[in-house]
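A.B. asks:
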Amino acid sequence: MTRILATASAEARIVLRNRWVAIAIAMMAVFSLVLSATGSAPTGALGADPLSVTIASLTSLAVYLVPLIALLMSFDAIAGEVERGTLPLVLTYPIRRSEILLGKFTAHLAALALAVAVGYGLAAGAAFLSDAGSAAGLPALLRLFWTSVLLGAAFLAIGYALSALARRPGAAAGLVIGLWLVMIVLYDLSLLAAIVADDGGWFTTDIFPWLLIANPADAFRLYNLAASEATAAAAGLGGAAATIAPLHALASLLLWPLVALTLAILAFRKVTP
Amino acid sequence: MTTLTLSNVTKTFGDMRALDAVGFTVAAGERVALIGHNGAGKSTLMKILLGLIQATAGDIEVCGAAPGSDAARQHVAYLPENAAFHSALTGLETLRMYLRLRGESPDQAMSLLDRVGLADAAKRRIGTYSKGMRQRVGLAQALIGHPRLLVLDEPTSGLDPVSRRDFYTMLDDLAAEGAAILLSSHALTEVEARTDRIVILSRGKLVADDTLVGLRRRAALPIRLQIRARPGEADAVAAELAGGRQNGVTVDLTCTPEDKLLRLGQIAGLGALVEDVDVVPPSLEDIYSHFSRVSADGDRQ
Ligand SMILES: Nc1ncnc2c1ncn2[C@@H]1O[C@H](COP(=O)(O)OP(=O)(O)OP(=O)(O)O)[C@@H](O)[C@H]1O
Ligand SMILES: [Mg+2]
Numbered sequence: 000m001t002r003i004l005a006t007a008s009a010e011a012r013i014v015l016r017n018r019w020v021a022i023a024i025a026m027m028a029v030f031s032l033v034l035s036a037t038g039s040a041p042t043g044a045l046g047a048d049p050l051s052v053t054i055a056s057l058t059s060l061a062v063y064l065v066p067l068i069a070l071l072m073s074f075d076a077i078a079g080e081v082e083r084g085t086l087p088l089v090l091t092y093p094i095r096r097s098e099i100l101l102g103k104f105t106a107h108l109a110a111l112a113l114a115v116a117v118g119y120g121l122a123a124g125a126a127f128l129s130d131a132g133s134a135a136g137l138p139a140l141l142r143l144f145w146t147s148v149l150l151g152a153a154f155l156a157i158g159y160a161l162s163a164l165a166r167r168p169g170a171a172a173g174l175v176i177g178l179w180l181v182m183i184v185l186y187d188l189s190l191l192a193a194i195v196a197d198d199g200g201w202f203t204t205d206i207f208p209w210l211l212i213a214n215p216a217d218a219f220r221l222y223n224l225a226a227s228e229a230t231a232a233a234a235g236l237g238g239a240a241a242t243i244a245p246l247h248a249l250a251s252l253l254l255w256p257l258v259a260l261t262l263a264i265l266a267f268r269k270v271t272p
Numbered sequence: 000m001t002t003l004t005l006s007n008v009t010k011t012f013g014d015m016r017a018l019d020a021v022g023f024t025v026a027a028g029e030r031v032a033l034i035g036h037n038g039a040g041k042s043t044l045m046k047i048l049l050g051l052i053q054a055t056a057g058d059i060e061v062c063g064a065a066p067g068s069d070a071a072r073q074h075v076a077y078l079p080e081n082a083a084f085h086s087a088l089t090g091l092e093t094l095r096m097y098l099r100l101r102g103e104s105p106d107q108a109m110s111l112l113d114r115v116g117l118a119d120a121a122k123r124r125i126g127t128y129s130k131g132m133r134q135r136v137g138l139a140q141a142l143i144g145h146p147r148l149l150v151l152d153e154p155t156s157g158l159d160p161v162s163r164r165d166f167y168t169m170l171d172d173l174a175a176e177g178a179a180i181l182l183s184s185h186a187l188t189e190v191e192a193r194t195d196r197i198v199i200l201s202r203g204k205l206v207a208d209d210t211l212v213g214l215r216r217r218a219a220l221p222i223r224l225q226i227r228a229r230p231g232e233a234d235a236v237a238a239e240l241a242g243g244r245q246n247g248v249t250v251d252l253t254c255t256p257e258d259k260l261l262r263l264g265q266i267a268g269l270g271a272l273v274e275d276v277d278v279v280p281p282s283l284e285d286i287y288s289h290f291s292r293v294s295a296d297g298d299r300q
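Line by line, the protein sequences give chains A and B.
So in numbering that gives the first Met the number 0, the last one in the first sequence is 272, and the numbering has no gaps at all.
So in numbering that gives the first Met the number 0, the last one in the second sequence is 300, and the numbering has no gaps at all.
As structure tokens, this is what we get:
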């Protein structure tokens, strides 16, 4: 435990000094504020309180931004150590590779959680300023926060696994960007295309829901939107998605970080310093 | 008591034999130098006995355990060839982290940095350090705890002459406390003076493993006698001693170790013609070239 904490505290200083924390916070804050500014317009029409509307927009934002920040933070974790030549020495210390990774994970996840908290906090503040009745949306905001942290955890771990597989920072950076495009953008697009082609058939009813929650980003979106059905419709997920129990989506969100971390540790074990 | 035992260690990279059946031991309190040309396999050998890479064949025992095992890592300190640290951290933060990884109190960081002369720069980022300063951070971390075996890959590279001397003094203390030390170096003169035993690797093969005295005996290289003649008598001295080069003042002779006393007797017999005489034994460099050449010849046959 002390070894994990020792790695985590060193790593935390590194992310602070690399300005990663600052960049992540700035990204989250700017996008959250932009969303709450543009999102407040249709409030009256829908009859929802401003915070609930903001949460719906924040959910869509988080699906793109949280994985991106997590991957950018993690791609260098192992490949960078290999490149700089810092790995051999650490590996002669009485510390396990899994402990090194968990130390980095702790620091990165804390930085990510901080950025998300600042971003959502600002958006919530803006909503309260425009309507004090926004308190009704607070539980949903809290849920959005911790599911965002889970989503970030999944993508941090995926980033470590790719970093260990790539072994060079340049290659790792390419891999994570490619993965982000595939999992966040192309995945949904191809599912949509498949649904259109299937036209309400067997794929749409039996396979599609599982494919949807198999992707942590979609599971995250589903879980958060299931709670507020009005916004789920607005998000255009369609009827089929509504058949998925939120618990399944939550299970996917919880499993992904664990599975990805295990894979990352296995990949890291294969790295010769 | 042996702290490190290697026998028949072989490592191949593809069809390149980086190490070929290497075997030797390092006892507690012993300082052993590993020397050899670039690419001889010194760093590879060290990485293998630290468990960083796997040997293709052979047996290794480190402090009674397998290389890289928890028990071994507990007792072994390492200084890598090009010690690298995260440039965003300060020397103090880096040392504190390594101390905690070894389960030691991080409060010792400052005194360790002080021991390697980095106290003033402790709170600056390692990114701003000079090469020698980074090397000292590496040394400081190798001193953490009471390692039973220190594996130091070119520990003095990048250090200034005074720091080198301080470094070897530090090694003497560690060895006196019972630590076994294996270090590699290209600086043969320091190795010659400050280590107990010398292991020479040549193209992955162990070609010598002995004390300096033992190596000298085995190599049986000629000894140089430098005779300074009285002014104007150099020619006479050279003639009397039958042979040897001379440059007007000094006469140079070489002889085998067995002939040394005989020759010295002859020189003493010249009495007033000679002002002084120096006996220059073959240096480690000569011995090293001898053994490397022997092995290269052996390979060619
Ligand atoms: N990972 C590797 N893959 C392939 N060959 C390697 C690898 N590591 C080392 N070698 C080869 O093994 C040989 C021994 O290398 P090593 O680094 O042990 O030499 P060295 O004695 O430490 O040399 P130097 O004095 O230059 O530090 C070299 O020919 C090197 O090219
Ligand atoms: Mg080397």
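Quick reminder that beta carbons are idealized off the backbone N, C-alpha and C, glycines included.
1. Is the beta carbon of GLN134(B) closer than 9 Å to that of ALA82(B)?
2. Who are the neighbours of ARG16(A) on chain B, taking C-beta pairs under 7 Å?
3. Using 8 Å as the cut-off, can you tell me whether the segment 159-179 of chain B makes contact with the segment 94-104 of chain B, which would need three or more C-beta pairs spanning the two stretches below that distance?
4. How close, in whole Å, do the beta carbons of ALA76(A) and SER147(A) come, if the pair is a contact with beta carbons under 8 Å?
5. Assign ILE143(B) to one of three DSSP states: helix, strand, or coil.
6. Can you give the Cα-Cα distance for ALA9(A) and VAL184(A), rounded to whole angstroms?
7. Three or more beta-carbon pairs under 8 Å between the segment 246-254 of chain A and the segment 39-48 of chain B, yes or no?
8. For ALA70(B), collect the residues of the same chain with a Cβ closer than 6 Å to its Cβ; drop the 5 residues on either side in sequence, then sort them by chain order.
9. Between SER8(A) and chain B, is the shortest Cβ-Cβ distance under 9 Å, so that the two count as touching?
10. To which residues does DSSP link CYS254(B) through a beta bridge?
11. Can you find the residues in the same chain that come closer than 6 Å, C-beta to C-beta, to ILE94(A), ignoring five residues on each side of it along the sequence?
12. Using the C-alpha atoms, what's the distance from VAL198(B) back to THR4(B)?
13. Should THR271(A) be flagged as near chain B, meaning a C-beta pair shorter than 9 Å?
14. For GLU239(B) and GLN225(B), I'd like the C-alpha separation in whole angstroms.
15. DSSP three-state label for ASN7(B), please.
16. Using a 10 Å radius around the Cβ and a threshold of 16 neighbouring Cβ atoms, would you call VAL65(A) buried or exposed?
17. Looking at SER42(B) and ligand 3, is the gap between the Cβ and the nearest heavy atom below 8 Å?
18. Would you kindly report the start and end of the unbroken alpha helix (DSSP H) that includes TYR159(A)?
19. Quick one: using the 10 Å Cβ neighbour count with 16 as the cut-off for buried, is GLY98(A) buried or exposed?
20. Just to confirm, are VAL21(B) and GLY57(B) a CB contact at a threshold of 9 Å?
21. Looking only at its own chain, which residues have a Cβ that is under 7 Å from the Cβ of ALA312(B), when we skip the five neighbours before and after it?
22. At a cut-off of 8 Å, is SER288(B) close to ligand 1 when judged by its beta-carbon and the heavy atoms of the ligand?
23. Against chain A, does TYR97(B) count as a neighbour if the rule is that its beta carbon must be under 9 Å from one of theirs?
24. Whose C-beta lies closer than 6 Å to the C-beta of ILE176(A) among residues of the same chain, with five residues either side of it excluded?
25. Given this structure, state the Cα-to-Cα distance separating LEU101(A) from VAL117(A), to the nearest angstrom.
26. Quick one: using the 10 Å Cβ neighbour count with 16 as the cut-off for buried, is SER291(B) buried or exposed?
27. At a Cβ threshold of 9 Å, is ILE22(A) touching chain B?
28. Would you check if the distance between the CB atom of ALA304(B) and the CB atom of ALA121(B) is smaller than 9 Å?
29. Quick one: grab the DSSP three-state call for VAL195(A).
30. How about ILE264(A): is its C-beta nearer than 9 Å to some C-beta of chain B?
31. Rounded to whole angstroms, how far is the Cβ of ASP152(B) from the Cβ of SER183(B), which I believe are closer than 8 Å?
32. Anything in the segment 108-139 of chain B with a Cβ closer than 9 Å to a Cβ of chain A? List those residues in chain order, please.
33. With DSSP as the reference, identify every bridge partner of ILE199(B), one or two as the case may be.
34. For ALA5(A), which residues in chain B fall below 7 Å Cβ to Cβ?
35. Given 8 Å as the limit, tell me if GLU153(B) has its C-beta closer than that to any heavy atom belonging to ligand 2.
36. Buried or exposed, going by whether 16 or more other CB atoms sit within 10 Å of the CB of TRP209(A)?
C.D. replies: Put simply:
1. For the purposes of this step, residue 82(B) is identified with residue 83 of the second sequence, where counting begins at 1. For the purposes of this step, residue 134(B) is identified with residue 135 of the second sequence, where counting begins at 1. It is a contact, given that the beta carbons lie within the stated cut-off.
2. Along the first sequence, one-based indexing puts residue 16(A) at 17. The contacting residues are ALA87.
3. In short, these stretches do not touch, since the Cβ pair count stays below three.
4. The sequence position of residue 76(A) within the first sequence is 77, counting from 1. The sequence position of residue 147(A) within the first sequence is 148, counting from 1. So it is not a contact: roughly 20 Å between Cβ atoms.
5. Looking up residue 143(B) in the second sequence gives position 144. Residue state, collapsed to three classes: coil.
6. As a first step, residue 9(A) is located in the first sequence; it is residue number 10 there, counting from the start. As a first step, residue 184(A) is located in the first sequence; it is residue number 185 there, counting from the start. So the alpha carbons of these two residues sit roughly 34 Å apart.
7. no
8. Locating residue 70(B) in the second sequence gives position 71, counting from the first residue. Correct list, in chain order: ALA64.
9. If you number the first sequence from 1, residue 8(A) lands on position 9. Chain B contact via Cβ: present.
10. By one-based count along the second sequence, residue 254(B) stands at place 255. Bridge pairing for CYS254(B): ILE222(B) [DSSP].
11. Taking the first sequence and counting its residues from 1, the one referred to as residue 94(A) is at position 95. Closer than 6 Å at the Cβ level, and outside the excluded window around ILE94(A), lie ARG2.
12. Residue 4(B) sits at position 5 when you count from the first residue of the second sequence. Residue 198(B) sits at position 199 when you count from the first residue of the second sequence. The alpha-carbon atoms of THR4(B) and VAL198(B) are separated by roughly 13 Å.
13. Numbered from 1 along the first sequence, position 272 holds the residue referred to as residue 271(A). Yes, THR271(A) counts as interfacial toward chain B.
14. Within the second sequence, the letter at position 240 stands for residue 239(B). Within the second sequence, the letter at position 226 stands for residue 225(B). Using only the alpha carbons, I get a separation of about 15 Å.
15. Position 8 of the second sequence, counted from the first residue, corresponds to residue 7(B). In the structure shown, ASN7(B) sits in a strand (DSSP, three-state: E or B).
16. Position 66 of the first sequence, counted from the start, is the residue given in the question as residue 65(A). Buried, since its Cβ has 16 or more Cβ neighbours within 10 Å.
17. In the structure shown, ligand 3 is absent; the only ligands present are ligand 1 and ligand 2.
18. As a first step, residue 159(A) is located in the first sequence; it is residue number 160 there, counting from the start. From DSSP, the alpha helix (DSSP H) with TYR159(A) extends over 137-165.
19. What you label residue 98(A) is simply residue 99 of the first sequence in a count that begins at 1. Reading off the sequence, residue 98(A) comes out as Glu, not Gly. Classification for GLU98(A): buried.
20. Within the second sequence, residue 21(B) is the residue found at index 22, counting from 1. Within the second sequence, residue 57(B) is the residue found at index 58, counting from 1. Yes, the pair counts as a contact, with Cβ atoms nearer than the cut-off.
21. The question about residue 312(B) has no answer, for chain B in this structure spans 0 to 300.
22. For this step, residue 288(B) is matched to residue 289 along the second sequence. For ligand 1, not one heavy atom lies less than 8 Å from the Cβ of SER288(B).
23. Residue 97(B) sits at position 98 when you count from the first residue of the second sequence. TYR97(B) counts as touching chain A.
24. In the first sequence, residue 176(A) corresponds to position 177, counting from 1. Result list for ILE176(A): empty, nothing under 6 Å.
25. The residue given as residue 101(A) occupies position 102 in the first sequence. The residue given as residue 117(A) occupies position 118 in the first sequence. Counting only the Cα atoms, VAL117(A) lies some 24 Å from LEU101(A).
26. Position 292 of the second sequence holds residue 291(B). Its Cβ being crowded by 16 or more others within 10 Å, SER291(B) is buried.
27. For the purposes of this step, residue 22(A) is taken as residue 23 along the first sequence, with counting starting at 1. Not one chain B Cβ lies under 9 Å of ILE22(A).
28. There is simply no residue 304(B) to check, as chain B begins at 0 and stops at 300 in what is shown.
29. Position 196 of the first sequence, counted from the first residue, corresponds to residue 195(A). In this structure, VAL195(A) counts as helix in the three-state DSSP scheme.
30. Your numbering for residue 264(A) matches position 265 in the first sequence. Interface flag for ILE264(A) against chain B is unset, since no Cβ pair is found closer than 9 Å.
31. Translated into the one-based positions of the second sequence, residue 152(B) becomes position 153. Translated into the one-based positions of the second sequence, residue 183(B) becomes position 184. That belief holds up - the Cβ atoms of ASP152(B) and SER183(B) are roughly 5 Å apart, short of 8 Å.
32. ARG124 and GLY137
33. Within the second sequence, residue 199(B) is the residue found at index 200, counting from 1. BP columns for ILE199(B) point to ILE34(B) and ALA207(B).
34. On the first sequence, residue 5(A) is found 6 positions in, with the first residue counted as 1. Ordered by position in chain B, the residues that pass the 7 Å Cβ test against ALA5(A) are MET96, ARG99 and LEU100.
35. The residue labelled residue 153(B) in the question sits at position 154 within the second sequence. Result yes, Cβ under 8 Å from ligand 2.
36. One-based indexing of the first sequence puts residue 209(A) at position 210. The C-beta of TRP209(A) has fewer than 16 other C-beta atoms within 10 Å across all chains shown, which makes the residue exposed.
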